Amino acid sequence: GAGKTTTFNMIVGVIRPDDGAVRFAARDITRLPMHKRARLGLGYLTQEPSIFRKLTVAQNILAILETCRLSRAERAMRLKYLLDELDLTPLAKSKAYTLSGGEKRRLEITRALVTSPRLLLLDEPFSGIDPIAVYEVQKIVRRLKARGLGILITDHNVRETLKLVDRAYLIHKGEVVYEGAGEQLVHDPKAREIYLGPEFNL
Numbered sequence: 486g487a488g489k490t491t492t493f494n495m496i497v498g499v500i501r502p503d504d505g506a507v508r509f510a511a512r513d514i515t516r517l518p519m520h521k522r523a524r525l526g527l528g529y530l531t532q533e534p535s536i537f538r539k540l541t542v543a544q545n546i547l548a549i550l551e552t553c554r555l556s557r558a559e560r561a562m563r564l565k566y567l568l569d570e571l572d573l574t575p576l577a578k579s580k581a582y583t584l585s586g587g588e589k590r591r592l593e594i595t596r597a598l599v600t601s602p603r604l605l606l607l608d609e610p611f612s613g614i615d616p617i618a619v620y621e622v623q624k625i626v627r628r629l630k631a632r633g634l635g636i637l638i639t640d641h642n643v644r645e646t647l648k649l650v651d652r653a654y655l656i657h658k659g660e661v662v663y664e665g666a667g668e669q670l671v672h673d674p675k676a677r678e679i680y681l682g683p684e685f686n687l
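Using the working numbering, read the sequence shown as starting at 486 and increasing by one per residue.
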C-alpha cells in the first residue's frame, strides 16, 4: 500500500520509525510506549474490528474505562456520558455481535474516545459500512470537530472523506504528493494522474 496504516502505527507507537521523529503536543514521543501516548491525548480507531463481540456495548466501553485512573463512581459517570455522546444508550445492554455495521462503528469510535483524546486517528472509518452508516460517521466526525477535537482520517472513500476535511494529503508509494485544501485536491493534475482519474468529481 501507500503506507497510510504504517504511518498511523508509527504515530501511536505500534511500530518504531527507522528514521526521523514523531512529535505531538510540542514534544518528541518517538520512544514513548503506546499507553503513555494515549495519556498524552492520542486516540486510535484501527482498520480492523476492535470490539469484543460477546460483550455488551456498555461492557465494551467499561473494558477501556477500567484502564483509566478513575474511581468506580467516576467510571459510572463517564460511561453514561460516553453512551449518550454517540447515542448508544438504547443499545447499552445489547451484545456487540448483534449490532449493525454502523452501530459497531459508533461503538468503536466511542471506545477510542474513552481516554478523552486531543487527536483522534481514524483508519478507514467508512470501510465495510452502508451509505446510511457512512452518513452517521460523517455526522459524528463533524460533531467531534466542532468540539475542538483534532481528527486525522485515512480512507479510500475519497468523496466521503473530502466532504469532512479541512486539509487533505495524498500519499503515493510512501511519499506525500499533494498537501492542501480538500476541495482543491480534485483539481490537482498529479492527483488525477495517479489516483483520481480524469472523470472524478465531487
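Heads up, the beta-carbon is just placed ideally off N, CA and C, and yes, glycines get one too. Please read all numbers here as calculations on a predicted model, not as lab measurements.
The count of Cβ pairs closer than 8 Å, one atom from the stretch 635-644 and one from the stretch 551-565, stays below three, leaving the stretches out of contact.
Contact annotation: Arg-596 and Ile-656 have beta-carbon atoms that are not nearer than 8 Å.
Put simply, of Ile-496, Pro-518, Arg-677, Lys-648 the residue whose alpha carbon is nearest the alpha carbon of Gly-667 is Lys-648. Within a 10 Å sphere around the beta-carbon of Asn-494 sit 16 or more other beta-carbons, which makes this residue buried. Counting other Cβ atoms within 10 Å of its Cβ, Lys-624 stays below 16 and is therefore classed as exposed.
Of all C-beta pairs linking the stretch 530-546 to the stretch 572-587, three or more are shorter than 8 Å, placing the two stretches in contact. With 16 or more other CB atoms across the displayed protein chains lying within 10 angstroms of its CB, Tyr-529 is buried. For Phe-493, the three-state secondary structure derived from DSSP is helix. The residue from Val-497, Ile-594, Ile-614 with its alpha-carbon nearest to that of Arg-628 is Ile-594. Taking all protein chains in view, the Cβ of Leu-576 is crowded by 16 or more other Cβ atoms within 10 Å, so the residue is classified as buried.
Out of Gly-587, Ser-585, Arg-554, Lys-630, the CA that lies nearest to the CA of Val-599 is found in Arg-554.
Counting every other CB atom within 10 Å of its CB across the protein chains shown gives Ala-523 a total of 16 or more, marking it as buried. Counting only residues of its own chain and dropping the five nearest sequence neighbours on each side, Leu-604 has a CB closer than 8 Å to the CB of Phe-509, Gly-526, Leu-527, Gly-528, Leu-634, Gly-635, Ile-636, Leu-637. If you draw a 10 Å sphere on the C-beta of Glu-588, you find 16 or more other C-beta atoms in it, and that means buried.
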